[in-house]
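These notes are about the structure you will find just below.
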Amino acid sequence: MKAPDGLTTQEDVPGELSLECGAVIIGSGAGGATVAAELAGAGVDVIVLEEGGYHPTESFTASTGRALRTLYRDGGGGMAIGRPSVLYTEGRCVGGSTVVNGGMSWRTPARVLQRWAEQEGLRAIREPDLDPYFDEIEARLSVGPQDPETVGRDSRLFKGGAEARGWAVVPNRRNQRHCAGTSNCSNGCPTGAKQSMLVTSVPRALALGARLFADCRVDRITRSGAAVTGVTGHVVRPGGRRGPRLTVRARAVVVACGAIQTPSLLVRSGLRSASGQLGRNLSVHPNAVVTAVFDEDVRGWQGVHQAFQVREFMAEGLLLTATNLTPPMLAGILPAYGRELGELMAGYNRIVTAGPLVSDTGTGRVRHLPGLGPQVFYQLTDHDAARMTRGAGLTAEALFAAGARRVLLPFEGAPVVRDPGELRRLLARPVAKRSLQPFSIHLMGTARMSENPRRGVTGSFGEFHGVPGLVVADASVFPGPVGINPMETVIALAMRNARRLIEGRARYGI
Amino acid sequence: MASGVPVRRAARRFAEIVCPPEVRAGQRADRVLDELGLMLGALPPAARTAMAAALILLDQGARLYPGARGRRFTRVDDRVAGAYVRALLARHDPAAELIRRLKSVITMCYYELPEVQREIGYDPAPYIAAVSRRRLETYGTQP
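Right, here's the structure in full:
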């Protein structure tokens with residue numbers, strides 16, 4: 001498939017690559033692509049480097065295995081070490097995680113912005129400051145509720161169950177243009193309806209003159225004195241083989257590799273933060289999956305999943321939603337194997353999967369280990385474990401209210417639960433934290449913003465304290481968990497950081 | 511699967527135990543291993559090595575399991591192999607964690623096979639084609 005003008009893949013790079021530009025952006029996801037489009041629109045000479053490959057809409061299929069291998073880092077198999085460990089995934093392709101996320105688009109809650117502003121002394125970050133950015137993003141990415149005819153039966157059942165319990169339910173908002181409801185979000189949207197960076201800010205940046213190099217991994221950010229001078233890296237050949245060397249000279253460097261890779265790159269580039277917070281303060285919004293078996297045919301894979309969110313327990317930091325999993329993903333998490341797994345999976349079309357997202361109070365750490373790269377450590381706190389257990393219980397309650405006949409809880413060794421009474425009796429006993437099975441798709445906070453360099457790695461506009469021209473533009477800069485799907489917050493902050501950079505362009509010479 | 515014969519043998523035996531019994535039909539086990547090879551290829555080298563090591567550990571570790579009477583995992587019958595895997599998965603230590611991840615990956619590979627998906631009533635391609643066509647007819651190419 002031919003790449004669009006301005007986009008270069010490894011196939012086009014036979015030997016060493018030496019480039020020069022005003023600003024080099026590392027990463028092409030929600031943060032990187034947004035900054036690229038902003039800077040290119042202001043006439044800055046922009047180069048975007050993306051470690052993953054270029055996979056256009058026409059290449060997306062329903063194959064989970066193929067998607068994991070081509071669109072995700074490490075086949076989607078990230079693991080934060082702890083008891084219990086937390087599995088996590090990161091996108092790695094042109095468009096980043098926006099290519100494989102569910103497309104949930106929510107503004108940062110006002111109370112979260114207020115807390116960030118007050119705790120870290122951040123400037124221009126309260127609701128009235130960010131609302132104009134959100135307005136612009138939502139118009140550009142076509143954020144809105146789902147067309148009703150595309151909502152999946154699994155979502156409708158879960159909504160009905162939650163409403164029967166009297167809980168507040170809201171329709172989800174997505175960045176989509178008449179989503180067809182293929183339920184293929186996590187494998188890449190095959191219609192292009194999801195307004196991921198792949199089909200929005202990336203082509204926009206290219207049209208405005210940015211150059212994007214896919215299959216290019218950055219090894220280090222280079223500096224002269226305090227100021228950044230560019231990056232060095234290498235081309236990634238098929239199978240992950242190391243290709244020719246890459247050098248980009250630039251007067252500004254924007255790091256947007258996500259909350260795991262960003263601190264790792266900064267540390268291996270020799271950067272240190274006086275705050276001691278670089279790589280620390282990791283929040284993960286732990287999720288869990290409750291599996292329910294119904295008598296009726298559900299076919300959760302027909303129609304969009306996560307069409308609604310249960311907001312009843314937001315004050316407790318809990319969000320509940322129904323998320324359809326493909327057979328490989330479901331088989332991978334079910335606490336069964338052999339014949340028992342086969343019997344459960346035979347009823348795949350009668351299964352609804354749903355679960356809680358927890359706004360975590362604990363934090364983890366990303367450490368860069370030479371030869372191994374970033375290693376993630378995260379210890380679920382007792383408080384968060386208790387809320388995760390409660391969230392799983394509430395999810396199961398809603399599923400029973402919707403007519404579920406059997407429920408499997410996300411606790412190792414938990415028996416199959418057959419009615420709400422059994423559920424209550426089971427949850428009346430303590431659930432061992434180590435038996436929980438959390439996973440994460442929201443990683444945040446490892447280069448947190450604070451006006452105080454002793455508390456934060458970056459300032460109010462993502463600039464690395466003490467390093468002129470180095471800006472972070474991804475979820476690493478969040479001072480804490482956002483408590484809701486983070487994509488729109490990432491885009492808004494990236495847009496804001498880019499415009500700040502443009503205001504100071506004379507200072508940076510870009 | 512790119513790794514050596516002992517690793518492949520252990521992976522195959524593990525697949526026979528953790529996947530549904532139908533994995534033994536036709537060439538399914540081989541195709542699960544092919545999928546596994548592709549998945550392992552997407553992992554960073556250290557994780558790939560850890561997975562291969564976990565399979566060797568799984569195979570040799572069975573010698574210490576009382577029911578195996580000193581035999582390797584690949585040499586014990588289904589009943590003993592099943593009991594051994596059950597005992598491993600019930601533990602809470604790093605080795606068990608690795609085995610759980612391996613179980614996850616191998617069962618994912620099994621349910622990635624198109625005929626297995628069809629058997630459980632999952633056939634998304636025609637559905638995706640139909641709703642995509644409906645979207646195109648309703649909203650055109652530039653909605």
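Read top to bottom, the protein sequences are chains Z and B.
The numbering used here puts the first residue of the first sequence at 1, with every later residue one more than the last.
The numbering used here puts the first residue of the second sequence at 511, with every later residue one more than the last.
Quick reminder that beta carbons are idealized off the backbone N, C-alpha and C, glycines included.
(request) May I ask you to report which of helix, strand or coil DSSP gives H383/Z? (result) In the three-state reduction of the DSSP assignment, H383/Z falls in the helix class, which pools H, G and I.
(request) Please classify R211/Z: does DSSP put it in a helix, a strand, or coil? (result) strand
(message) Output needed for P653/B: all residues of its chain with C-beta closer than 6 Å, excluding positions within five of it in sequence on either side, in chain order.
(response) Confidence in P653/B is poor, its pLDDT being 47 and thus under 50, which makes the residue's placement unreliable; the coordinate value appears in the next sentence. The answer is none, since no qualifying residue turns up.
(request) Residues of the region 347 to 369 of chain Z with a CB closer than 9 Å to any CB of chain B: list them in chain order, please. (result) G347, Y348, N349
(request) Note down, in chain order, each residue of its chain lying with its Cβ closer than 8 Å to the Cβ of V586/B, except the 5 sequence neighbours on either side. (result) A572, G577, A578, Y594
(message) Pull the bridge partners of H368/Z from the DSSP assignment, please.
(response) P374/Z
(message) Taking the straight line between their C-alpha atoms, what separation do you get for A447/Z and G421/Z?
(response) Computed Cα separation, rounded: 45 Å.
(message) Per DSSP, what are the beta-bridge partners of L17/Z in this structure?
(response) L246/Z
(message) What would DSSP say about K2/Z, mapped onto helix, strand or coil?
(response) coil
(message) Give me, in chain order, the residues of the same chain whose beta-carbon lies closer than 6 Å to that of L598/B; leave out the 5 immediate sequence neighbours on both sides.
(response) A606, I609
(message) Can you tell me which residues form a DSSP beta bridge with L357/Z?
(response) Bridge partners of L357/Z: N287/Z, L319/Z.
(request) Could you work out which residues of chain B lie near N184/Z, taking near to mean beta carbons separated by less than 8 Å? (result) P634, I638
(request) Within the region 141 to 175 of chain Z, note down every full alpha helix (DSSP H) run reaching 4 residues or more, in order along the chain. (result) 153 to 164
(request) Report all residues from its chain with a CB closer than 6 Å to the CB of W167/Z; omit the five preceding and five following residues, and keep chain order. (result) V310, E312
(message) At the level of alpha carbons, what is the spacing between L399/Z and F294/Z?
(response) 9 Å
(request) Taking all protein chains shown into account, decide if R211/Z is buried (16 or more other Cβ within 10 angstroms of its Cβ) or exposed. (result) buried
(message) For chain Z, check one thing: does any of its Cβ atoms lie closer than 8 Å to the Cβ of E647/B?
(response) no
(message) Please confirm whether E625/B has its beta-carbon closer than 8 Å to some beta-carbon of chain Z.
(response) It does not; no Cβ of chain Z falls within 8 Å.
(request) Please compile the residues from chain Z whose C-beta is within a distance smaller than 7 Å of the C-beta of L548/B. (result) G65, R69
(request) At 8 Å on the CB atoms, spell out the chain Z contacts of I609/B, in chain order. (result) Simply none; closest approach about 11 Å.
(request) Can you give me the Cβ contacts of E622/B inside the same chain, cut-off strictly under 6 Å, excluding the 5 residues immediately before and after it? (result) E545
(message) One question on the structure: do A535/B and R522/B come within less than 8 Å of each other, judged by their Cβ atoms?
(response) Not closer than 8 Å, so no.
(message) I need the straight-line Cα distance from P128/Z to P531/B, nearest angstrom please.
(response) 60 Å
(request) Would you mind telling me which residues of chain Z sit closer than 7 Å to T617/B, beta carbon to beta carbon, in chain order? (result) A331, G332, Y337, L341
(message) the ligand NAP and T247/Z: does the residue's C-beta get closer than 7 Å to at least one heavy atom of that ligand?
(response) Only the bare structure without any ligand can be found here, which leaves the ligand NAP out of the picture.
(message) When you compare the CB positions of A307/Z and V151/Z, do they come within less than 8 Å of one another, or not?
(response) When the beta-carbon positions are compared, A307/Z and V151/Z come within less than 8 Å of each other.
(message) Strictly under 8 Å for the Cβ-Cβ distance: is V528/B near chain Z by that measure?
(response) yes
(message) Relative to the C-alpha of G519/Z, which candidate in L320/Z, A322/Z, T321/Z, M345/Z has its C-alpha closest?
(response) No answer is possible for residue 519/Z: it lies beyond the span of chain Z, which begins at 1 and ends at 510.
(message) Looking at chain B, is there any beta carbon in it that lies within less than 8 Å of the beta carbon of T191/Z?
(response) Using beta-carbon distances, T191/Z counts as an interface residue toward chain B, with a partner under 8 Å.
(message) Considering only DSSP beta bridges, list what Q309/Z is partnered with.
(response) According to DSSP, which records beta bridges pairwise, Q309/Z is partnered with V170/Z.
(message) Looking only at its chain, what residues have a beta carbon closer than 6 Å to the beta carbon of V13/Z, apart from the 5 residues adjacent to it on each side?
(response) V235
(request) Name the one or two DSSP bridge partners that T458/Z has. (result) Paired residues: M449/Z, F464/Z.
(message) By the three-class DSSP mapping on this structure, what secondary structure does T232/Z have?
(response) strand
(request) Reducing DSSP to helix, strand and coil, say where R251/Z ends up. (result) strand
(request) Report buried or exposed for L369/Z, applying the criterion of at least 16 other Cβ atoms within 10 angstroms of its Cβ. (result) exposed
(request) Count the C-beta pairs between the region 408 to 427 of chain Z and the region 216 to 236 of chain Z that are closer than 8 Å, then say yes if the count reaches three, no if not. (result) no
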